[in-house]
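Line by line, the protein sequences are chains A and B. In the working numbering, each residue's number is its place in the first sequence (first place is 1) plus 270. In the working numbering, each residue's number is its place in the second sequence (first place is 1) plus 455. A short write-up of the structure that comes next.
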Amino acid sequence: MTAMNSLMAVGLPSLRAPESRPVRLPTPARPAALAGNWLATQGRLPLAFMGLGLAWLVAATALLVAQPTLLSLPHPHPRVVALTHAWVLGFFVTVACGAVYQLAPVALGTTLCNERHGWWHFGLHAVGVPGMVYSFWRGDLKLLGHFGFAVALGIVLFAVNTWRTVQRSGRRGTVVWSLTLAAGWLLTTVLVGLLLAANRYWQFIPIDPVALLRAHAHLGLVGFFVTLLQGVGFQLVPMFTLGEVRDWRLANIGLGLSQTGLLTLAPALLWHLAPLGLLGALAIAASMICSGIGLKRALDSRKKRALDPGTRSFLRGGAGGCTAAIAGIALVSPGSPWGSAPGGFNAMIYAILGLAGGLLPCIAGMMCKIVPFLTWMRAYGPRVGRGPTPAAGALTHPRIERWGLALQGIAVVPLLVGAWTLSELWLRIGAWLLAVGVALFVADMLGVLKHLWFVPAPVPAMKRGGSR
Amino acid sequence: MSATPDSTAVWDALRSIPDPEFGVNIVDLGLIYSVECTDGDIAVTMTLTTPSCPSGGWIYEGAKEALARLPGVKNVNVAMVFDPPWTPAMLSESAQRQLGRID
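Dropping the structure here:
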């Protein structure tokens, strides 16, 4: 039996489960020592994913600064696909997986089912994604298959780990369903991506590769990210603002509509069924609006009036996502002249709205909350009760954080103008604004992470007096 | 032999522990339900803002540690309860001011 399991046997997880009567936590010295060990190991895996995500944020931004005109090419171009995967699979998915490894046990009131599998996922992801981006850039489908297989294997471990953690917890509810479904959609997305690459190489299914690419993209964006954020938002926003979700109906309807919408939209994109695609897009937009209204009601009940930059950014991302969903409705409408051709209102505009205007502020906002908290847990958690400890938010530099997030948001405008008018100048301005915003954001995050290595003084041994 | 701590000393010790998210100490946050001191034995009943509070483990351990460090303490017993559940109505006036709830 591991130390963690021993700890569960003595009852520490009762901290995390609502009880109908008072629960006595272990008082003998040995469980207390075990508790310290268990707590000391918390957060390593999610922090590793956050660190890798930061590295990808820098790399993906550098790629955009070096080649901003990629945004004026048709979206199926291999180098555009490489850039997209650097951002989505490199930054967004890496951070989101790290967040799930942290949030799933918290939301489920248990520990992660298998942390070792989580580390295997980390290794496979760290090796596989750079290989995939390189393969896309070079247009090497065979190499892409090898690295894609590694990434898929990691995602299999992630999904199974999430599902088993959910199963072990025995919990149900909107947040649990969102975690379960999001893991399933991410796995589906990666498998469809592998199918797409294999079909380009061997051509064993007579299907339009661009249509399959669009279905693959929406499985990931709506299936993984929207589904995840629709659940996680209702867990995190009330927790960080001392608010409460009094009525879960809107959250449930939002989640249900996004699933129905995606199940309608993905086949419609694949087989060019415009009316069905419109229905799916409408359902997805409605789902995001429902979740948004539900979150606003939770926010209205908050006791912490001032919203910190991370929460603001998360909410701004939600609004950006809704805007992208509305743009998606226009794109998928029957008879719509807009498509893959560069210039004007096209799929690239929709992608910039969704990724830079929606997902980037959401994920960056989540990082602003999660990274300081995990760092606090590791650096200052053991000092609680033994000396003064700062608040997690005090580890950040608010002004740098605010400016970093703001510049990332402002950069969306010139990027949209550049992609619409095919103007290299506007694209360069947008890419550089984004780069400055990212540089400030990364500097702030590194300033937080340095507390892991530069803790002021060692913690003295726990005093043992009497039975505690 | 040192004097046994009174309830004021215990409340003060608990007041030294901040919640990492809000920066408000756990007494003003309303997390301490009761304190009993009898001949060096301390019994505290406390809660968390939410049962799934990720920093709950450290707050619980920190409360025990801070109390065990008080002079004259023989036994410390900290019970974590979730009934009644914590509500924002339990915030002290000072905490509400810190959180921007009241001027």
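We put the beta carbon where it would ideally sit given N, CA and C, even for glycine. Just so we're clear, the structure is a prediction, and the values are computed from it rather than from any experiment.
Leaving out five residues before and five after residue i in sequence, what residues of the same chain have Cβ atoms less than 8 Å from its Cβ?
i: V365/A; result: F319, M320, G323, I633, M636, M637
i: V465/B; result: V490, C492, I497, V499, L522, L525
i: E671/A; result: P579, G580, C638, L710, F711, D714
i: T691/A; result: G613
Helix or strand or just coil, what does DSSP make of residue i?
i: Y741/A; result: A question about residue 741/A goes unanswered here, because the residues of chain A that appear run from 271 up to 738.
i: Y650/A; result: coil
i: V515/A; result: coil
i: V531/B; result: strand
i: F537/B; result: coil
i: I481/B; result: coil
i: N699/A; result: The identity of residue 699/A in the sequence shown is Ile, whereas the question assumes Asn. Helix.
i: I425/A; result: helix
i: I472/B; result: coil
i: S489/B; result: strand
i: F417/A; result: helix
i: H667/A; result: coil
i: G707/A; result: helix
i: R738/A; result: At R738/A the pLDDT is 35, less than 50, meaning the model places this residue with poor confidence and gives no usable figure here.
i: Q312/A; result: coil
i: C508/B; result: coil
i: F724/A; result: coil
i: P537/A; result: helix
i: A621/A; result: helix
i: M278/A; result: Low per-residue confidence applies at M278/A: pLDDT is 33, beneath 50, and the placement is therefore not dependable, though the value from the model is reported in the following sentence. The answer is helix: DSSP assigns M278/A an H, G or I state.
Return the chain-ordered list of same chain residues with a C-beta closer than 7 Å to the C-beta of residue i, the five sequence neighbours on each side being excluded.
i: L539/A; result: A481, R484, A485, H488, G547
i: Q312/A; result: M647
i: N431/A; result: L382, C383, N384, H387, G388
i: P292/A; result: The predicted position of P292/A is uncertain, since its pLDDT is 40 and thus under 50; a value taken from the coordinates is nonetheless stated next. Once the five neighbours on either side are set aside, P292/A has no close Cβ partner at all.
i: L373/A; result: V502, Q505
i: G360/A; result: W326, A329, A330, V399, V403
i: G598/A; result: A551, Y620
Tell me the residue span of the beta strand (DSSP E) that contains residue i.
i: I497/B; result: 496-501
i: V682/A; result: That residue, V682/A, is in no beta strand (DSSP E); its alpha helix (DSSP H) goes 682-691.
Grab me the residues of residue i's own chain with a C-beta within less than 6 Å of its C-beta, minus the 5 sequence neighbours each way, in chain order.
i: G564/A; result: L520, A521
i: L413/A; result: S405
i: F643/A; result: A662
i: M278/A; result: Note that M278/A scores 33 on pLDDT, short of 50, meaning its location in the model is unreliable; the coordinates nonetheless yield the value given after this. Nothing listed; no residue qualifies.
i: G306/A; result: Note that G306/A has pLDDT 45, beneath the 50 cutoff, so the model's placement of it is unreliable and the number below is only indicative. Cβ neighbours of G306/A beyond the five flanking positions: none.
i: E514/A; result: P508, S571
i: G628/A; result: G587, G590, G591, A594
i: C560/A; result: L520, I523, G524
Looking at the unbroken alpha helix (DSSP H) that takes in residue i, where does it start and where does it end?
i: I514/B; result: 511-523
i: C560/A; result: 544-570
i: V399/A; result: 385-408
i: V480/A; result: 479-488
i: S549/B; result: 548-553
Could you tell me whether any non-hydrogen atom of the ligand ADP is closer than 7 Å to the CB of residue i?
i: A467/A; result: With respect to small molecules bound, the structure shown includes none, and the ligand ADP cannot be examined in it.
Residue ranges of each beta strand (DSSP E) within the segment 314-380 of chain A, 3 or longer: Within the segment 314-380 of chain A, no complete beta strand (DSSP E) run reaches 3 residues.
Could you tell me which uninterrupted beta strand (DSSP E) segments, each at least 3 residues in length, are contained entirely in the segment 573-618 of chain A, listed from first to last along the chain? If we require 3 residues or more, the segment 573-618 of chain A turns out to have no beta strand (DSSP E) run fully inside it.
Positions along the segment 359-391 of chain A whose CB lies within less than 7 Å of some CB in chain B: The residues in question are V376, A377, G379.
Looking at chain A, which residues of the segment 512-534 of chain B have a Cβ within less than 9 Å of any of its Cβ atoms? Of all residues in the segment 512-534 of chain B, the ones placed with a Cβ closer than 9 Å to any Cβ belonging to chain A are G512, W513, I514, Y515, E516, G517, A518, K519, E520, A521, L522, A523, R524, V528, K529, N530, V531, N532, V533, A534, in chain order.
In the segment 557-586 of chain A, which residues sit with their C-beta less than 7 Å from some C-beta in chain B, listed in chain order? Correct list: K573, K574, R575, A576.
Mind checking the segment 340-353 of chain A against chain B and listing, in chain order, the residues whose C-beta falls within less than 7 Å of any C-beta there? From the segment 340-353 of chain A, no residue has a Cβ closer than 7 Å to chain B.
The segment 658-687 of chain A: which residues have C-beta closer than 9 Å to a C-beta of chain B, in chain order? Of all residues in the segment 658-687 of chain A, P658, T659, P660, A661, A662, G663, A664 have a Cβ within less than 9 Å of some Cβ in chain B.
Interfacial residues, the segment 495-521 of chain A to chain B, with Cβ spacing under 7 Å: Cβ contacts with chain B: M509, F510, L512.
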